[in-house]
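Scroll down for the structure; my scribbles are underneath it.
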Amino acid sequence: MNNIFLSIVIPVYNAASTISRCLDSIWCQGLEEAEYEVICVNDCSKDNTIQGISEIRKTHHNLRLFSNTENIRAGGSRNRGVREAYGEYILFIDADDYFHPGALKVVCDYQKRCGLDILMCDFARHTIMNENDILVHNFKSQEVMTGRKFLIVNSLPYAPWKYVFKRSLMTDNNVFFTERVSCEDVDWSHKIAFFAATMQYLPILLTHYILNDSSQTSVEYRNPNTVFHRLQAGKRVTDLLQLYESEAERKQILAVAKATLKNGLIFLNCLIISPRKKRDAIKDNVSCDIQWGRVMNFIRDYPLLYSWFSTIISPFFR
951 MNNIFLSIVI PVYNAASTIS RCLDSIWCQG LEEAEYEVIC VNDCSKDNTI
1001 QGISEIRKTH HNLRLFSNTE NIRAGGSRNR GVREAYGEYI LFIDADDYFH
1051 PGALKVVCDY QKRCGLDILM CDFARHTIMN ENDILVHNFK SQEVMTGRKF
1101 LIVNSLPYAP WKYVFKRSLM TDNNVFFTER VSCEDVDWSH KIAFFAATMQ
1151 YLPILLTHYI LNDSSQTSVE YRNPNTVFHR LQAGKRVTDL LQLYESEAER
1201 KQILAVAKAT LKNGLIFLNC LIISPRKKRD AIKDNVSCDI QWGRVMNFIR
1251 DYPLLYSWFS TIISPFFR
């Protein structure tokens, strides 16, 4: 297994309807089977995800399957995939997304020549109902630079599947995802870039990103966990100020932290404007494992926000 160049890590949860398309987009890339592996980490799926992957493994021997004993969400599943990986480089993809034809071959050949710590690529965004791709270009410069300079020149996307990076960059520096939460990618992306000595943008379409439908988004916006996870992510980004030193770097980090906290408040607003019956249903469905006290304890460090929340927002959920 020492000759594996690339490990593709896929966190999977109830992905029976999409995982075949994702995997098929890998097999047709023109890569030699011996130079890469695909690692699926099942996060306690309740559908036929495991059976589907097990069937595909019969014909693709570089496909490996691991199952979590408890639900640790995408971040935890990515962590496990990286720890199990043999590849020199890591690339993430979600089970409902897929790779652009031929892109992996180009990326691998480029990294074999250049040996960058991190390579960034483009992605196309579209919804399940609309097959018309919207190509997203995030970056201005194609210069090779440090990750810290990349933060200033190009800014950093949150999506971990845009990063083709050396596995040692994550393992040697202990840059793992926060587990059991959403919004785990915001601080991870800015932390791993900090340790990159060489980082570059390659203008090639790599990944097709499928947006969730509006009903799923609506459910997420009305989940109390989302509020707490967003606020928590903003705090983790703020903690990165201990790493970044220059004024320009810190300005970017603060902008990300503010945007993340703002998103948390937007989610909170969606909860507030929900009809009383919906708010009560959210409160009663307390398997969503958050108590409002956790939110209150978290924002206690922000006096103005705490005052506003405790006097105006909390009464809506009593």
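Start counting the sequence shown at 951; every next residue gets the next number (our numbering). Positions of the beta carbon are idealized from the N, C-alpha and C atoms, including for glycine.
Practice problem: Could you tell me the boundaries of the alpha helix (DSSP H) in which Y1060 lies? | Solution: Start at 1 with the first residue of the sequence shown, and residue 1060 comes out as number 110. Per DSSP, Y1060 belongs to the alpha helix (DSSP H) from A1053 to C1064.
Quiz item: Using 8 Å as the Cβ pair cut-off and three pairs as the minimum, do the stretch 1115 to 1127 and the stretch 1071 to 1078 touch?
Solution: No, they do not touch.
Quiz item: Among F1127, A1035 and K996, which has the Cα closest to the Cα of T1019?
Solution: Here the question's residue 1019 lines up with position 69 in the sequence shown. The closest CA to that of T1019, considering only F1127, A1035 and K996, is found on K996.
Quiz prompt | Bounding residues of the alpha helix (DSSP H) (the contiguous stretch that carries H1140) | solution = Here residue 1140 is taken as the residue at index 190 of the sequence shown, counted from 1. Taken as a continuous stretch (DSSP letters only), the alpha helix (DSSP H) holding H1140 covers D1135 to F1144.
Exercise. Note down, in chain order, each residue of its chain lying with its Cβ closer than 6 Å to the Cβ of V991, except the 5 sequence neighbours on either side.
Key: Taking the sequence shown and counting its residues from 1, the one referred to as residue 991 is at position 41. The residues are P961, F1016, S1027, R1030 and G1031.
Exercise. Would you kindly report the start and end of the unbroken beta strand (DSSP E) that includes Q1150?
Key: For this step, residue 1150 is matched to residue 200 along the sequence shown. First-last of the beta strand (DSSP E) with Q1150: M1149 to L1161.
Quiz item: Using the beta-carbon count (16 or more within 10 Å), is Q1241 buried or exposed?
Solution: The residue given as residue 1241 occupies position 291 in the sequence shown. Low confidence applies to Q1241: its pLDDT is 45, below 50, so where it sits in the model is not reliable, and the reading given next is rough at best. Label assigned to Q1241: exposed.
Self-check item: For A1045 and S967, the rounded distance between their alpha carbons
Solution: Taking the sequence shown and counting its residues from 1, one reaches residue 967 at position 17. Taking the sequence shown and counting its residues from 1, one reaches residue 1045 at position 95. CA-to-CA, the gap between S967 and A1045 works out to about 9 Å.
Quiz item: Exposed or buried, what is D1063 when buried is set at 16 or more other beta-carbons lying within 10 Å of its beta-carbon?
Solution: On the sequence shown, position 113 is the one that residue 1063 refers to. With the sequence shown as reference, residue 1063 is identified as Arg, and Asp is not the correct amino acid for it. Here R1063 is exposed: its Cβ has fewer than 16 other Cβ atoms, across all protein chains shown, within 10 Å.
Quiz prompt | Inter-residue Cα distance where the pair is W977 and V1057 | solution = Counting from 1 along the sequence shown, the entry for residue 977 is found at position 27. Counting from 1 along the sequence shown, the entry for residue 1057 is found at position 107. In this structure, the CA atom of W977 is about 15 Å from the CA atom of V1057.
Quiz item: Measuring CB to CB, does Q979 end up less than 8 Å from G1052?
Solution: Stepping through the sequence shown from its first residue, residue 979 is reached at position 29. Stepping through the sequence shown from its first residue, residue 1052 is reached at position 102. Cβ atoms of Q979 and G1052: closer than 8 Å.
Quiz item: My guess is that I1102 and A1198 are in contact by the Cβ rule of under 8 Å, so how many angstroms apart are they, rounded?
Solution: Residue numbering aside, residue 1102 sits at position 152 when the sequence shown is read from its first letter. Residue numbering aside, residue 1198 sits at position 248 when the sequence shown is read from its first letter. Indeed, because the Cβ distance is near 5 Å, the residues count as touching under 8 Å.
Self-check item: Euclidean distance between Cα positions of I1006 and Q1202
Solution: Here residue 1006 is taken as the residue at index 56 of the sequence shown, counted from 1. Here residue 1202 is taken as the residue at index 252 of the sequence shown, counted from 1. One C-alpha to the other measures close to 44 Å.
Quiz item: From this set, H1179, Y1060, S1139 and T1096, which residue's C-alpha is nearest P1153's C-alpha?
Solution: Along the sequence shown, one-based indexing puts residue 1153 at 203. Nearest of H1179, Y1060, S1139 and T1096 to P1153, Cα basis: Y1060.
Quiz item: Going by beta carbon distance, what residues of the same chain come within less than 8 Å of L1155, once the five residues before and after it are set aside?
Solution: Taking the sequence shown and counting its residues from 1, the one referred to as residue 1155 is at position 205. Result list for L1155: H1050, A1053, C1071, D1072, F1073, A1074 and L1085, in chain order.
Practice problem: Closer than 6 Å by C-beta to I1000: which residues in its own chain qualify, once you throw out the five before and the five after it? Chain order, please. | Solution: In the sequence shown, residue 1000 corresponds to position 50, counting from 1. Correct list, in chain order: N992.
Self-check item: Among G1025, K1112, R1033 and P1107, nearest to Y1048 - alpha-carbon criterion
Solution: By 1-based counting over the sequence shown, the position of residue 1048 is 98. Closest option to Y1048, Cα to Cα, is K1112.
Exercise. Look up K1116 in the DSSP assignment and say whether it is helix, strand or coil.
Key: Taking the sequence shown and counting its residues from 1, one reaches residue 1116 at position 166. Three-state result, K1116: strand.
Quiz prompt | Strand pairing of T1077, partner residues [DSSP] | solution = Residue numbering aside, residue 1077 sits at position 127 when the sequence shown is read from its first letter. Answer is L1161.
Quiz item: Where does I1003 fall in DSSP's three states?
Solution: Residue mapping note: residue 1003 aligns to position 53 of the sequence shown, counting from 1. I1003 falls in the helix class under three-state DSSP.
Quiz prompt | CB-CB length for V1125 against A1183, believed under 8 Å | solution = As a first step, residue 1125 must be located in the sequence shown, where it is residue number 175. As a first step, residue 1183 must be located in the sequence shown, where it is residue number 233. Not really, about 15 Å apart at Cβ, beyond 8 Å.
Quiz item: Which residues in the same chain have their Cβ closer than 6 Å to the Cβ of L1066, if we skip the five residues on either side of it in sequence?
Solution: As a position in the sequence shown, residue 1066 is number 116, starting the count at 1. These residues qualify, in order along the chain: T1148 and Q1150.
Quiz item: Taking Cβ positions, are Y1039 and F1127 nearer each other than 8 Å?
Solution: Taking the first residue of the sequence shown as position 1, residue 1039 is located at position 89. Taking the first residue of the sequence shown as position 1, residue 1127 is located at position 177. Y1039 places its beta carbon 8 Å or farther from that of F1127.
Quiz item: Taking the Cβ atom as the reference point for each residue, do Y986 and N1012 lie within a distance shorter than 8 Å?
Solution: What you label residue 986 is simply residue 36 of the sequence shown in a count that begins at 1. What you label residue 1012 is simply residue 62 of the sequence shown in a count that begins at 1. Contact: yes.
Exercise. Could you work out which residue in R1014, D974, L1190 and E983 is closest to A1143 when comparing CA atoms only?
Key: Translated into positions along the sequence shown, residue 1143 becomes position 193. Among R1014, D974, L1190 and E983, the Cα nearest to that of A1143 is on L1190.
Quiz item: Using a Cβ-Cβ cut-off of 6 Å (strictly less than) and excluding sequence neighbours within five positions of I1022, which residues of its own chain qualify?
Solution: One-based indexing of the sequence shown puts residue 1022 at position 72. These residues qualify, in order along the chain: E1129 and R1130.
Quiz item: In its own chain, which residues sit with a C-beta less than 7 Å from the C-beta of I969, not counting the 5 before and 5 after it?
Solution: Locating residue 969 in the sequence shown gives position 19, counting from the first residue. Excluding residues within five positions, the ones whose Cβ falls inside 7 Å are V962, T999, G1002, I1003 and A1045.
Exercise. Within 10 angstroms of the Cβ of T1009, are there 16 or more other Cβ atoms? Answer buried if so, exposed if not.
Key: Locating residue 1009 in the sequence shown gives position 59, where the first residue counts as 1. Per the 10 Å Cβ criterion, exposed.
Quiz prompt | L1278 versus G1025: straight-line alpha-carbon distance, rounded | solution = The requested residue 1278 does not occur in the structure, where the chain is confined to residues 951 to 1268.
Quiz item: Taking all protein chains shown into account, do 16 or more other C-beta atoms lie within 10 angstroms of the C-beta of I1207, making it buried, or fewer, making it exposed?
Solution: The residue given as residue 1207 occupies position 257 in the sequence shown. A small fix is needed here, since residue 1207 is Ala in this sequence, not Ile. Counting C-beta atoms within 10 angstroms of its own C-beta, A1207 has 16 or more neighbours from the protein chains shown and is therefore classed as buried.
Practice problem: Can you check DSSP and say which residues form a bridge with E987? | Solution: Indexing the sequence shown from 1 puts residue 987 at position 37. E987 is bridged to S957.
Quiz prompt | Extent of the continuous beta strand (DSSP E) to which I1040 belongs | solution = Locating residue 1040 in the sequence shown gives position 90, counting from the first residue. Where I1040 is concerned, the enclosing beta strand (DSSP E) stretches over Y1039 to F1042.
Exercise. Within the same chain, show all residues whose beta-carbon is closer than 6 Å to that of C972, passing over the 5 residues directly before and after it, in chain order.
Key: In the sequence shown, the residue the question calls residue 972 occupies position 22. Within the same chain, Cβ atoms closer than 6 Å to the Cβ of C972 are found at A1045 and Y1048, the five residues on either side in sequence being excluded.
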